[in-house]
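Colleague:
2 protein chains.
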Amino acid sequence: LSKLKDGVTKRIRNIQKFGKDDPRRIIHSIKVGFSLTLVSMLYYVRPLYNSFGVSGMWAILTVVVVSEFTVGGTLSKGLNRGFATLIAGALGVGAVHLARFCGHKGEPIVLGILVFSLGAAATFSRFFPRIKQRYDYGALIFILTFTMVAVSGYRTDEILVMAYQRISTILIGGTICILVSIFVCPVWAGEDLHKMIANNINKLANYLEGFEGEYFALPEKISKETNSCVREYKSILTSKSTEDTLANLARWEPGHGRFRLRHPWKNYMKIAGLVRQCAFHFEILNGYILSDVKAPEDFISKIQEPCSIMSREAGEALKAIANSIKTMNNDSVCVNAHIENSKKAIENVKFAFKSSSTETEKDLLEFIPGVTMASI
Amino acid sequence: LSKLKDGVTKRIRNIQKFGKDDPRRIIHSIKVGFSLTLVSMLYYVRPLYNSFGVSGMWAILTVVVVSEFTVGGTLSKGLNRGFATLIAGALGVGAVHLARFCGHKGEPIVLGILVFSLGAAATFSRFFPRIKQRYDYGALIFILTFTMVAVSGYRTDEILVMAYQRISTILIGGTICILVSIFVCPVWAGEDLHKMIANNINKLANYLEGFEGEYFALPEKISKETNSCVREYKSILTSKSTEDTLANLARWEPGHGRFRLRHPWKNYMKIAGLVRQCAFHFEILNGYILSDVKAPEDFISKIQEPCSIMSREAGEALKAIANSIKTMNNDSVCVNAHIENSKKAIENVKFAFKSSSTETEKDLLEFIPGVTMASI
């Protein structure tokens, strides 16, 4: 029994920790609960129930589905849902009227053919990358609404009343969600993207600063496991999809924070690409550190000093860049100073090993333009 | 006007090409259209409509939402939806009965508190990576169904009839989808994963075989754009998320093809990781090809022959591996022969540049264990 109790307390502590790591998660959960309670008023309050009836359930459905973590996600889903319902609803009413011309026997056949062809066409359109990226959810809702309107139009004559109730409840649900997500502790995808990229540059800098200590350490001192902070850059190697998702959401968001009109997500993607390129180089450098093949000692002692300076200065430059992105101040003077220093150090390194192994130098030569471009 | 006509024909041709590239897309669209037509029978056929009524629309909703491209996706969504509806429906009925004890005035308050707290808790649970990966959709449906049952229970007494109709129509819709997706031209996520990894290894082999020609070409002959086939490996660098998604879907799939019981998606992920590691090395090698800094000519002429043999043999080995994965035959004899040859070639290269640049050699030394492990 005490084992069970231990397990439970451990799990509770885990959950608490998980919430504390990013308190926005807890806030988001409360926001969703709040929106749900708000929208159930459509049932509890007598006058509202009288005008909408069971259609209120569409508002609940909308709230549950549209409530996303970021503002961009909520807006994208809400707008997609709203417009797709409008278009599909109109087409559906049209299809029902068309089918009525064909007599009672022909009606289901015409409707069936229409549902089949429009459903298949909309499903096919979802495979196109550009539609998939931005309007995937809209296409889904289009199929759904069109089929429902067309099919239930066969059984009911009050199709216009039904369409009106559906659309108005979906609008109510969507509006509640969008307002709550924008005005109650908003989570901007653009801001997340911003922070993520600044963090990634910082990770690169950490690696460069740890590099010196690792490469020139005595073999028996190298610990392959402990330096987790230095190895952080590894997460950048596979971060592309996260960045893509965030940028994709950020394009839906209105101006906020220090960007007045729209979020410059395209520029962020460019920087992210350069950062990833750097991380690839580091990955290979890392392979050299871990490999057992070492250069002769006299050679190492010759290059140790300039190499250390070079990696330290490049690291400082990256830190300065990350900082200036975070605070959104452009202190390029400080950055350029560090880049100049590291360039000088590279010259020294070059001098030190004229005809010798060129690996480190080349990696860093390729790495400097990346830094400079990112600072623009 | 003719301009417009040109634009339209061009677009139509694009769409045709897109369909031909992967005919499974067209088949999938037709499958969805077929399932939709099938499920609308619930409305068209009088006896079915009499027993289910407007609840038939839940079947339509289920079909639209659950129809995914791969079998794994359909199964995962369908099972999630089914179980979440069952659990949430039962809890919802319980909540309504509990609330009835509190009198007419207390009922909406108790229901509101329950909806708020369960909604917030389920939303929070969606942030946990393990739940997000496999049960995200289930949690969503749980919130949806619980809120709907609890809230509409306040207005209707026929809550059990309603719950029965909802659950049975969802089961009908889900079953239609799953049967259609498994038995009509199924698209297995596991098979896609399998092909993708074999293809990726092939891309690596292409690169190695093109490497020789590129590295030893005369500078003016190097065309940075044309060799798209050689550059294909670049897509591997960022393929991790696609692989993760496919593996995640593959774990839902029952045995099929040559795997009897379950899909060994974990092993696939391991191979994919090794392949990506190789691609990182190639990315750096590629940087050396494009850079303007070249080794002295006499040195190049010395290493040209062994280097060519080495990369050709390693490429052959990779091709053999890719082929044996594709056909699922284990012809390790042929693979090992190529690996032996390329190891011999590496020895020759080593001999050729004793004290010189070690970059290429090291990259390939690290690359060989990757190949060998992948062949296991």
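Chains as they are written, first to last, in this note's numbering: chain V, 1 to 376; chain W, 1 to 376.
Ideal Cβ placement from N, Cα and C applies to all residues, glycine included.
If you follow the alpha helix (DSSP H) that residue 380(W) is in, where does it begin and where does it stop?
Modeller: The displayed coordinates of chain W run from 1 to 376. Any statement about residue 380(W) would go beyond what the structure contains.
Colleague: Drop a sphere of 10 angstroms on the beta-carbon of residue 77(W), count the other beta-carbons inside from all chains shown, and report buried for 16 or more, exposed for fewer.
Modeller: Under this definition residue 77(W) is a buried residue.
Colleague: Look up residue 45(W) in the DSSP assignment and say whether it is helix, strand or coil.
Modeller: Correct three-state label for residue 45(W): coil.
Colleague: Could you pull out every residue in the same chain whose Cβ sits closer than 7 Å to the Cβ of residue 80(V), ignoring the five residues on either side in sequence?
Modeller: Excluding positions up to five away in sequence, the list reads 135, 137, 138 and 141.
Colleague: Can you check which of these residues, 41(W), 204(W) and 17(W), is closest to residue 169(W) by C-alpha distance?
Modeller: Among 41(W), 204(W) and 17(W), the Cα nearest to that of residue 169(W) is on 41(W).
Colleague: Is it buried or exposed for residue 55(W), if we count other Cβ within 10 angstroms and need 16 for buried?
Modeller: Looking at its Cβ environment, which holds 16 or more other Cβ atoms inside 10 Å, residue 55(W) is buried.
Colleague: Compare the Cα-Cα distances from residue 143(W) to each of 200(W), 193(W), 84(W) and 27(W) and report the closest residue.
Modeller: For the residues 200(W), 193(W), 84(W) and 27(W), the minimum Cα distance to residue 143(W) belongs to 84(W).
Colleague: Give a yes or no on contact between the region 20-39 of chain V and the region 173-193 of chain V, applying the rule of three or more CB pairs nearer than 8 Å.
Modeller: The region 20-39 of chain V, when compared against the region 173-193 of chain V, does touch it at the 8 Å Cβ threshold.
Colleague: If we ignore side chains and look at the alpha-carbon of each, how far apart do residue 241(V) and residue 46(V) end up?
Modeller: Cα-Cα distance, rounded: 48 Å.
Colleague: Leaving out the 5 sequence neighbours to the left and right, which residues in its chain are closer than 7 Å to residue 25(V) when beta-carbon positions are compared?
Modeller: Answer for residue 25(V): 19, listed in chain order.
Colleague: Closer than 8 Å, Cβ to any Cβ of chain W: which residues of the region 26-54 of chain V, in chain order?
Modeller: Correct list: 26, 28, 29, 30, 32, 33, 34, 36, 37, 40, 43, 44, 49 and 54.
Colleague: Relative to the C-alpha of residue 121(V), which candidate in 146(V), 110(V) and 197(V) has its C-alpha closest?
Modeller: When each option's Cα is compared against that of residue 121(V), the closest is 146(V).
Colleague: For residue 95(V), which residues of its own chain have a beta-carbon under 6 Å away from its beta-carbon, when the five flanking residues on both sides are left out?
Modeller: Excluding residues within five positions, the ones whose Cβ falls inside 6 Å are 114 and 150.
Colleague: If you reduce the DSSP assignment to three classes, tell me which class residue 52(V) lands in.
Modeller: Helix at residue 52(V).
Colleague: Only counting the same chain, and skipping five residues up and downstream in sequence, which positions put a Cβ closer than 8 Å to that of residue 16(W)?
Modeller: The answer is none, since no qualifying residue turns up.
Colleague: What first and last residue would you give for the alpha helix (DSSP H) that runs through residue 40(W)?
Modeller: It is not in any alpha helix (DSSP H) - residue 40(W) carries neither H nor E in the DSSP assignment.
Colleague: Measure the alpha-carbon distance for residue 225(W) versus residue 271(W) and round it to whole angstroms.
Modeller: Annotation note: pLDDT 42 at residue 225(W) (below 50); position unreliable, coordinate value reported separately. Near 30 Å, if we compare the C-alpha coordinates of residue 271(W) and residue 225(W).
Colleague: Let me make sure I understand the geometry here. Which of 155(W), 188(W) and 44(W) has the alpha-carbon closest to that of residue 111(W)?
Modeller: Checked all of 155(W), 188(W) and 44(W); the closest Cα to residue 111(W) is 155(W).
Colleague: Using 10 angstroms around the beta-carbon of residue 74(V), count the other beta-carbons present and answer buried if the total reaches 16, otherwise exposed.
Modeller: Buried, since its Cβ has 16 or more Cβ neighbours within 10 Å.
Colleague: Using DSSP with H/G/I as helix, E/B as strand and the rest coil, what is residue 220(V)?
Modeller: Unreliable placement is indicated for residue 220(V), whose pLDDT of 45 sits below 50; the coordinate value is still reported in the next sentence. Three-state result, residue 220(V): helix.
Colleague: With 9 Å as the C-beta to C-beta threshold (strictly closer), list the residues of the region 167-196 of chain W near chain V in chain order.
Modeller: So nothing in the stretch comes that close.
Colleague: If you count every other CB in all the chains shown that lies within 10 Å of the CB of residue 202(W), and 16 or more means buried, which is it?
Modeller: Residue 202(W) is buried by the Cβ-count criterion.
Colleague: Please check if any C-beta of chain V sits within less than 8 Å of the C-beta of residue 247(W).
Modeller: No, because no Cβ of chain V sits closer than 8 Å to the Cβ of residue 247(W).
Colleague: Between residue 246(V) and residue 171(V), is the Cβ-Cβ spacing less than 8 Å?
Modeller: No; because the gap between Cβ atoms is not below 8 Å, this pair is not in contact.
Colleague: At 8 Å on the CB atoms, spell out the chain W contacts of residue 154(V), in chain order.
Modeller: The answer, in chain order, is 43 and 44.
Colleague: So, using beta-carbon positions, are residue 249(W) and residue 70(W) closer together than 8 Å?
Modeller: Closer than 8 Å, so yes.
Colleague: List the residues of chain V whose Cβ lies closer than 7 Å to the Cβ of residue 161(W), in chain order.
Modeller: The premise fails here: residue 161(W) is roughly 14 Å from chain V at the closest Cβ pair, so nothing lies under 7 Å.
Colleague: Hey, how far is the Cα of residue 9(W) from the Cα of residue 3(W)?
Modeller: Going by the C-alpha atoms only, they are around 10 Å apart.
Colleague: Counting contacts by CB-CB distance shorter than 8 Å, is residue 115(W) in contact with chain V?
Modeller: Closer than 8 Å to some Cβ of chain V, the Cβ of residue 115(W) qualifies, so yes.
Colleague: Quick one: using the 10 Å Cβ neighbour count with 16 as the cut-off for buried, is residue 108(V) buried or exposed?
Modeller: Residue 108(V) should be labelled buried.
Colleague: Between which two residues does the alpha helix (DSSP H) containing residue 70(V) stretch?
Modeller: Looking at the DSSP string, residue 70(V) is not in any alpha helix (DSSP H), and its letter there is neither H nor E.
Colleague: Is residue 177(V) helix, strand or coil by DSSP?
Modeller: Correct three-state label for residue 177(V): helix.
Colleague: Look at the Cβ atom of residue 86(V), then the Cβ atom of residue 159(V), and state whether they are nearer than 8 Å.
Modeller: Not closer than 8 Å, so no.
Colleague: Check the C-beta distance from residue 378(V) over to residue 174(V) and give it rounded, since I have them as a contact under 8 Å.
Modeller: There is simply no residue 378(V) to check, as chain V begins at 1 and stops at 376 in what is shown.
Colleague: Please work out which residues of its chain come closer than 8 Å, Cβ to Cβ, to residue 88(W), disregarding the five sequence neighbours upstream and downstream, and give them in chain order.
Modeller: Only 141, 142, 143, 144, 145, 146 and 149 meet the Cβ criterion.
Colleague: Among residues of its own chain, excluding the 5 on either side of residue 82(W), which ones have a beta-carbon nearer than 8 Å to its beta-carbon?
Modeller: Only 170, 171 and 174 meet the Cβ criterion.
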